[in-house]
Every structure is written in structure tokens, then in C-alpha cells.
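J.: Residue numbers (our numbering), protein chains in the order written: chain L, 25 to 220; chain Z, 137 to 419.
Using N, Cα and C, we set each Cβ at its ideal position, and we do this for glycine too.
Mind having a look at this structure? Questions to follow.
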């Protein structure tokens, strides 16, 4: 008798490549997932995700690398660590997302939330150039780069009148040690986008 | 007693009132804060989002700066900085070989055994509640607070090892030592979305708005915070129908210890706590 075709795919018994990769690079064993869904039940922003953490585990098992590297949730996860703390198997999903986001960034695959990536790049270029960030300058550069000239403008005015907008603060002196770290550990140099 | 102090980037600008009130109450507690020499930004969400290794390395360097001062403990008032420093200290302990590489790149010694504590944690663990109570000159009677912890102060529990990640109580206890009341509410350990304040204000407004509404619904007249990013984010989401002052725990400690409105820089908060504190006779 022929089995009718089901929309639910059965997982192969053999661990797929991506799960092996996470085991090798992060020492995280995705096969320990109990499929309880507590990660998604607790997630503060699951209502805004295209894939919830529970579904992400399934995508890993199904070797859906493309979907994982291009999903919106990769950029809108808050890294609040709640899914990790609720997981009975202590699967570090925020760490997995950092890993995947790093890959998506290196391979320039983020076409869902470029503004979030841009914000991170501007912040990192400030750190690379000064060792510390000036929140005021960072915001101004971000609004300019994303052409959102009036984003948070009301807030900006309120902060201005409170005397909270400071352009320059003390910098880190030993910038050479920081630049060495950026050169070796950031997949794409922020200097490519933001000349110092 | 002297301890290394990592202020973080917010303390020099947006959170000046947190910095001033923290330094004042620490002096009052006879705690000498030695600012970490030549510290660098912890990288916050930006660094670990694009390169987790860079995040670890930046904070490894900060911890090595603490060691250079001959100290082996650092405290920080920012939950974001606290989390990144704590994760780095944890990785140094558990995966020293990988971190040794980063130390070589930054041309510094791998800093081992540096204890990282949040300012709130340090105060609670170092000063018994009776001692705090004995310093109270002006009890915060009648002040109904929602104690807000947010996400990174208590999570991940296995790494930060402070309070309970689901039902934290530390800040509630401290506020009661000052004579204030704290409400039972649902969102004390929910993330406020502050990391997206600039890049995706819609997310920060969505999550921040829920926290404000939950605190108000539980009967709180103000929220007390222990992180400059949480304070700033919540205070800038008030347009959503709330007018709850978001005050720093250090400002309330100072007020209870006898310092005034100006000394605690209350006027720097976007939503003024003046009507509330005046009504309760606390100014």
C-alpha cells in the first residue's frame, strides 16, 4: 500500500552537517533538544519572528542553511538569553544565532534588516577608532547613513534640552591593541564601510 | 575598601545621573571606586552579533586592564557591560586556550580569576541589609515601585550567577530596606528591547511599552532600574500613554541616605519624579 504524501518531513537518523558543525565549532549538541517548545513559549519577541527558536532547531536538523542565514529573526533576536535559561537541555540558542549571524554577515546575506547591521557596523567602527562610543555621534551617523534624518528626532530634542547629548568623551589610549583584535576577529572590517 | 570600576560608555553622557548618584552612594558606603585604566567599550550587542570572538577579546582586554591595576575584582553599573565582562571571565576560566590567542593578539597577559559583579550585586553581597537600613535618614515611605531587572542582569543564570532569572528579588529587597514598597508584577525580568532603540525603534517601543503598561497595571508609581540602557529606553517610550518616572536605584539610595534632588541629578530624567516625590514629602 502506498503511503499518502505528508507535509511533515521525517528526519533522517543520521545527524546532518549543520548539527555536526555546531557540535564541532560551538560544542553545542542540537540533538539534545527535547522538542518541548519552552524556548518559543518564553521568547519576548516570538510574535515578531518569521521562525521561532523551536522552529530554528528544526531548520538546523533539516539542514536548511539558506533559510537560517536569511531569516528575519536572525537580526531581530534580542539576545536576552531567556530561551537558553528555559531550555531543559541548556541548548545555547543565542550563541547559535551569533554564530549564524556572523556567517550571514561575512557572506553579505542580510537583505532583510540592513539597518540593524549598519547600526552594529557604525558602533564597531567607533570602537575601532576611539575605543569607546559617543552615543550622540553614533545616532547621528546612523540616521544619516540610513537616511532616516528624523528618526528619534523628538527624543533627540528632549535629550538635548536635558544636556545629555555629549559629542566627545575620553578615548582609549592604547588603540593599537584594539585594532589588532578588529583586524583578526571581525570578518569584514568596518573600515570598509566607514573610513576613519 | 577599593574596587575596580568599569563605568561603560553611557556613564559619560546619557546616564550622567546614574554615574553621579552611583559614585556618591559608593563614597557614602566608604567604597573607593578605581576607574579601570584605559578601558575600552564592551562592544555590547554589536560586537557579539557580528563576531562573538571580537566580543570576548574586547572584554578580555578590559579584564587584563583590571589585573594591571593589581586588582582582581571589577564592578560595573550597566547590565549590558556586566553581561559581556562576565561572559568573557567565564570563557577565560572554561576555554583558556582560545582566549590565550586573543591575549597574544592584544599583546596582554591572559587575565585569570577576575571577579565581575554588577554594582547592585556588589552592594547587596557586601553590605548586610541591616547596615543599609542603619544608613537610611529619610525612609522612602509610601513610594510604590516596580523593581525592574531586565534580561542581562540575571541571565544566563549559569554564567552570571546572580539572583533568580525568572523571579528575581534582589532589587525589591534593597528598595524595602530603604523603606519603599515594591509591587508584584509580570514583566520584571522581560527584555526592554533597548538594544534596538536606534536601529529598530518599533521593537523597542513594542517591548518597552509592555513593561510600562505592566508596571502601571500592578499599581506602581515609578519603575526602579539598574541599567542605563533599560532606563533610557523605558523613559523614552512614555508616549505610549504612561508617565511613570524611571529612576535609578542609586538615586533612591542617595535620597534615602539624605542627599537631595540636585545631588542625585533627578532633573536629568526625562519623566520627572518631582510630583511623586513631593507628594510623598521626600524632597
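Closest by CA to residue 251 of chain Z, which one among Z:198, Z:288 and Z:239?
T.: The residue labelled residue 251 of chain Z in the question sits at position 115 within the second chain. Nearest option by C-alpha distance: Z:198.
J.: Assuming residue 216 of chain Z and residue 177 of chain Z are in contact, meaning their beta carbons sit under 8 Å apart, how far apart are those beta carbons, in whole angstroms?
T.: Sequence index remark: in the second chain, residue 216 of chain Z carries index 80 (1-based). Sequence index remark: in the second chain, residue 177 of chain Z carries index 41 (1-based). With 8 Å as the limit, residue 216 of chain Z and residue 177 of chain Z do not qualify as a contact, their Cβ atoms being about 10 Å apart.
J.: Residue 169 of chain Z by DSSP, collapsed to three states: which one?
T.: Taking the first residue of the second chain as position 1, residue 169 of chain Z is located at position 33. In this structure, residue 169 of chain Z counts as strand in the three-state DSSP scheme.
J.: Hey, how far is the Cα of residue 217 of chain L from the Cα of residue 204 of chain L?
T.: Position 193 of the first chain, counted from the first residue, corresponds to residue 217 of chain L. Position 180 of the first chain, counted from the first residue, corresponds to residue 204 of chain L. Bear in mind that a pLDDT of 48 at residue 217 of chain L, under 50, signals an unreliable position, so the model cannot answer this.
J.: Would you mind working out which of L:113, L:111 and L:118 sits nearest residue 97 of chain L, comparing C-alpha positions?
T.: What you label residue 97 of chain L is simply residue 73 of the first chain in a count that begins at 1. Here the closest residue by C-alpha is L:118.
J.: Excluding sequence positions up to five away, which residues of its chain have a Cβ less than 7 Å from the Cβ of residue 237 of chain Z?
T.: On the second chain, position 101 is the one that residue 237 of chain Z refers to. Cβ neighbours of residue 237 of chain Z beyond the five flanking positions: none.
J.: Can you tell me whether residue 332 of chain Z is buried or exposed, with buried defined as 16 or more other CB within 10 angstroms of its CB?
T.: What you label residue 332 of chain Z is simply residue 196 of the second chain in a count that begins at 1. When all chains shown are included, residue 332 of chain Z counts as buried.
J.: If I follow the unbroken alpha helix (DSSP H) through residue 268 of chain Z, where does it start and stop?
T.: Within the second chain, residue 268 of chain Z is the residue found at index 132, counting from 1. Its alpha helix (DSSP H) spans residues 265 to 271.
J.: Counting only beta-carbon separations shorter than 7 Å, does residue 153 of chain L have a partner in chain Z?
T.: For this step, residue 153 of chain L is matched to residue 129 along the first chain. False, the Cβ-Cβ gap to chain Z never drops below 7 Å.
J.: Between which two residues does the alpha helix (DSSP H) carrying residue 194 of chain Z extend?
T.: If you number the second chain from 1, residue 194 of chain Z lands on position 58. Run containing residue 194 of chain Z: 188 to 204, per the alpha helix (DSSP H) assignment.
J.: When the Cα atoms are used, what is the spatial distance from residue 115 of chain L to residue 289 of chain Z?
T.: Sequence index remark: in the first chain, residue 115 of chain L carries index 91 (1-based). Sequence index remark: in the second chain, residue 289 of chain Z carries index 153 (1-based). Roughly 20 Å between the two C-alpha positions.
J.: Any contact between the region 247 to 261 of chain Z and the region 220 to 229 of chain Z? By contact I mean 3 or more CB pairs, one from each, below 8 Å.
T.: Flag = yes, the region 247 to 261 of chain Z and the region 220 to 229 of chain Z touch.
J.: For residue 131 of chain L, count the other beta carbons within 10 Å of its own beta carbon; 16 or more makes it buried, fewer makes it exposed. Which is it?
T.: Position 107 of the first chain, counted from the start, is the residue given in the question as residue 131 of chain L. Exposed, by the Cβ-count rule.
J.: Give, in chain order, every residue of the region 135 to 146 of chain L whose Cβ lies closer than 7 Å to some Cβ of chain Z.
T.: Flagged, chain order: 139, 140, 143 and 144.
J.: Please classify residue 414 of chain Z: is it buried, with 16 or more other beta-carbons within 10 angstroms of its beta-carbon, or exposed?
T.: Taking the second chain and counting its residues from 1, the one referred to as residue 414 of chain Z is at position 278. Counting Cβ neighbours within 10 Å, residue 414 of chain Z comes out exposed, since fewer than 16 surround it.
J.: Using a Cβ-Cβ cut-off of 7 Å (strictly less than) and excluding sequence neighbours within five positions of residue 95 of chain L, which residues of its own chain qualify?
T.: Reading the first chain from its first residue, position 71 is the one you call residue 95 of chain L. Result list for residue 95 of chain L: 74 and 75, in chain order.
J.: Bridge partners of residue 100 of chain Z, per DSSP?
T.: With chain Z running from 137 to 419 in the structure shown, residue 100 of chain Z is simply not present.
J.: For residue 329 of chain Z, go through chain L and note every residue whose CB falls closer than 7 Å to its CB, in chain order.
T.: What you label residue 329 of chain Z is simply residue 193 of the second chain in a count that begins at 1. 102, listed in chain order.
J.: Is the beta carbon of residue 161 of chain Z less than 7 Å from the beta carbon of residue 318 of chain Z?
T.: The residue you call residue 161 of chain Z lines up with position 25 of the second chain. The residue you call residue 318 of chain Z lines up with position 182 of the second chain. No, these two residues do not count as a Cβ contact at 7 Å.
J.: Hey, is residue 210 of chain L's beta-carbon within less than 7 Å of any beta-carbon in chain Z?
T.: Translated into positions along the first chain, residue 210 of chain L becomes position 186. For residue 210 of chain L, the answer is yes, since a Cβ of chain Z falls inside 7 Å of its Cβ.
J.: Does any C-beta atom of chain L lie closer than 7 Å to the C-beta of residue 413 of chain Z?
T.: The residue given as residue 413 of chain Z occupies position 277 in the second chain. Judged by the 7 Å Cβ criterion, residue 413 of chain Z is not in contact with chain L.
J.: Grouping DSSP H, G and I as helix and E and B as strand, with all else coil, what is residue 243 of chain Z?
T.: If you number the second chain from 1, residue 243 of chain Z lands on position 107. Coil, per DSSP.
J.: Can you tell me the Cα-Cα spacing of residue 418 of chain Z and residue 391 of chain Z, whole angstroms?
T.: In the second chain, the residue the question calls residue 418 of chain Z occupies position 282. In the second chain, the residue the question calls residue 391 of chain Z occupies position 255. Distance between the alpha carbons of residue 418 of chain Z and residue 391 of chain Z: 8 Å.
J.: With H, G and I counted as helix, E and B as strand and the rest as coil, what does DSSP make of residue 55 of chain L?
T.: Along the first chain, one-based indexing puts residue 55 of chain L at 31. Helix, per DSSP.
J.: Could you give the residue range of the alpha helix (DSSP H) that holds residue 141 of chain Z?
T.: For the purposes of this step, residue 141 of chain Z is taken as the residue at position 5 of the second chain. Premise fails: residue 141 of chain Z lies in the beta strand (DSSP E), 138 to 141, not in any alpha helix (DSSP H).
J.: Beta-carbon of residue 220 of chain L versus every beta-carbon of chain Z: anything under 7 Å?
T.: On the first chain, residue 220 of chain L is found 196 positions in, with the first residue counted as 1. For residue 220 of chain L, the predicted model reports a pLDDT of 40, less than 50, meaning its position is unreliable; a value from the coordinates is still stated below. So no, residue 220 of chain L is outside the interface.
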